[in-house]
Amino acid sequence: MNYVIMILGMAAITWLIRTAVFVLGERIAFPPLVRTALGFVPVTVLTAIIVPMAVAPHGHGAELTWRNPQLVGALAAIAVSALTRRPLLTIAVGLAVFFTWQGAVLPMLIR
Amino acid sequence: MTPHHTRFKEFLAGARDTIPMMVGAAPFGVIFGTLVTSGPLSPWLGQLMSVAVFAGSAQFIALGLIASNASFAVVWATTLIVNLRHVLYSATLAPYVSHLPLRWRLVLGGLLTDEVFAVAWAHFRRRPPGDDVSPYHFLGSGVAMYLNWQIWTVVGLLFGAAFPGLQSLGLDFAMVATFIAIVVPQLVALRYVAAAVTAGALAFFWQDWPYKLGLLGAVAAGVAVGVALSWPRGARTAAAGASR
Chain A
-4 MNYVIMILGM AAITWLIRTA VFVLGERIAF PPLVRTALGF VPVTVLTAII VPMAVAPHGH
56 GAELTWRNPQ LVGALAAIAV SALTRRPLLT IAVGLAVFFT WQGAVLPMLI R
Chain B
433 MTPHHTRFKE FLAGARDTIP MMVGAAPFGV IFGTLVTSGP LSPWLGQLMS VAVFAGSAQF
493 IALGLIASNA SFAVVWATTL IVNLRHVLYS ATLAPYVSHL PLRWRLVLGG LLTDEVFAVA
553 WAHFRRRPPG DDVSPYHFLG SGVAMYLNWQ IWTVVGLLFG AAFPGLQSLG LDFAMVATFI
613 AIVVPQLVAL RYVAAAVTAG ALAFFWQDWP YKLGLLGAVA AGVAVGVALS WPRGARTAAA
673 GASR
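If you're matching them up, the sequences are chains A and B in order.
Taking my numbering, the leading residue of the first sequence gets -4, the next gets one more, and so forth.
Taking my numbering, the leading residue of the second sequence gets 433, the next gets one more, and so forth.
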């Protein structure tokens, strides 16, 4: 039952963080500099999450090689997204390249 | 006030715009459920975590900490640090919800994950903030993402034991592909590219920092680069020259 307390504590912390600005919003005025800065948050957060996942998928050192299916799949997804800007197509092609590379191309090339 | 059928249409549009994120989050939900069944938490506690916390990365890290017998204080402190980025999300969206009643803001805030933020921001950023901004698109996105997370957690809990190799298969690549699909269309000017490249490179070099602090540092540096390149006129040239 102790774990219930731990989980509810996590939930309370997460909810307070997420709602704080929404609730206090009218008392918080954001200067133009802060607004400009916030405009760069989504792009930087998402990129900061995915680059280590694609470049170093095993968490120890860069794998900048065609033997890294995460990197190959990510480059394919970037190309499709840059050319078409269509999210579902980007994800579908990225996943297809990733699984093909991992399951079929790499075993063949390495053998 | 918008009529009922318009609200419902906006709700559905929000859910529809979230489908790519739901696809991307699905493997994480399944893997989370699978990890729960191989750890000290009973399955219903794993589901309770998804229902009450609804924050993927914090949930994964909590499982790791529980497995290594960390104290509750450490789990809570880590939850705080890992989720701090949500302050930036809600600050970005605040102008679009400030006119809503408190109960709306509490609900929408509670649903504000990385993915819902990305969808809501893409929806709002093209229109000016004001009293006529409807919250139903945001709500539809949040509810869709929430139900999606619950369903895939259940799937992971029920069938997780049958797929012991799920994590080594590399299904988390779906997350990478999803985020690429969000980020690349937003790189509409050099300052966004520079901010993203800075954040991505530093996040790689700083990935061994504890508690994901390297991620926060990389984001701060990327944002600083973006702001420096956004300064008007003479200041921009000076900042660009200084940073070279």
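Beta carbons: idealized from backbone N, C-alpha and C, even for Gly.
Since the model is a prediction, treat every value here as computed from it, not as a measurement.
Chain A contacts made by the stretch 481 to 500 of chain B, where a contact means CB separation under 9 Å: Met481, Val483, Ala484, Val485, Phe486, Ala487, Ser489, Ala490, Gln491, Ala494, Ile498
Given B/Pro452 as reference, the closest of A/Leu78, A/Pro52, A/Thr85, A/Gln97 once Cα atoms are compared: Within the second sequence, numbered from 1, the residue matching residue 452 of chain B stands at position 20. The candidate whose alpha carbon is nearest that of B/Pro452 is A/Thr85.
Cα-Cα separation between B/Ser573 and B/Pro472, rounded to whole angstroms: Position 141 of the second sequence, counting from 1, holds the residue named residue 573 of chain B. Position 40 of the second sequence, counting from 1, holds the residue named residue 472 of chain B. Answer to the nearest angstrom: the Cα atoms are 33 Å apart.
Which of helix, strand or coil DSSP assigns to B/Asn501: Taking the first residue of the second sequence as position 1, residue 501 of chain B is located at position 69. In this structure, B/Asn501 counts as coil in the three-state DSSP scheme.
Residues that B/Asn515 contacts on chain A, provided the C-beta gap is smaller than 8 Å: Translated into the one-based positions of the second sequence, residue 515 of chain B becomes position 83. Residues of chain A passing the Cβ test: Ile8, Thr9, Ile12, Arg13.
Nearest-angstrom Cβ-Cβ length linking B/Gln479 and B/Thr585, presumed shorter than 8 Å: By 1-based counting over the second sequence, the position of residue 479 of chain B is 47. By 1-based counting over the second sequence, the position of residue 585 of chain B is 153. The pair is a contact, with the Cβ atoms about 6 Å apart (cut-off 8 Å).
Residue span of the alpha helix (DSSP H) that contains B/Asn580, given as start and end: Indexing the second sequence from 1 puts residue 580 of chain B at position 148. Element bounds for B/Asn580: 568 to 591.
Nearest-angstrom beta carbon gap, B/Ala635 and B/Leu647 [assumed within contact, 8 Å]: Translated into positions along the second sequence, residue 647 of chain B becomes position 215. Translated into positions along the second sequence, residue 635 of chain B becomes position 203. Between B/Ala635 and B/Leu647 the Cβ distance is about 6 Å, and since that is below 8 Å, they are a contact.
Per-residue DSSP class, three states only, for A/Gln65: Taking the first residue of the first sequence as position 1, residue 65 of chain A is located at position 70. If DSSP states are grouped into helix, strand and coil, A/Gln65 belongs with the helices.
Range of the contiguous alpha helix (DSSP H) that encloses B/Pro459: In the second sequence, counting from the first residue as 1, residue 459 of chain B sits at position 27. Segment 451 to 469, the alpha helix (DSSP H) holding B/Pro459.
Chain B contact residues for A/Val50, given Cβ-Cβ distances below 7 Å: Translated into the one-based positions of the first sequence, residue 50 of chain A becomes position 55. Simply Phe636.
B/His518 burial status per 10 Å Cβ neighbour count (16 or more: buried): Within the second sequence, residue 518 of chain B is the residue found at index 86, counting from 1. Buried: at least 16 other Cβ atoms inside 10 Å.
Distance between B/Met481 and B/Ser566 (C-alpha atoms, nearest Å): On the second sequence, position 134 is the one that residue 566 of chain B refers to. On the second sequence, position 49 is the one that residue 481 of chain B refers to. Roughly 30 Å separates the two Cα atoms.
Interface residues of chain A facing B/Arg537 [CB-CB closer than 8 Å]: Residue numbering aside, residue 537 of chain B sits at position 105 when the second sequence is read from its first letter. Simply Thr14, Phe17, Val18, Gly20.
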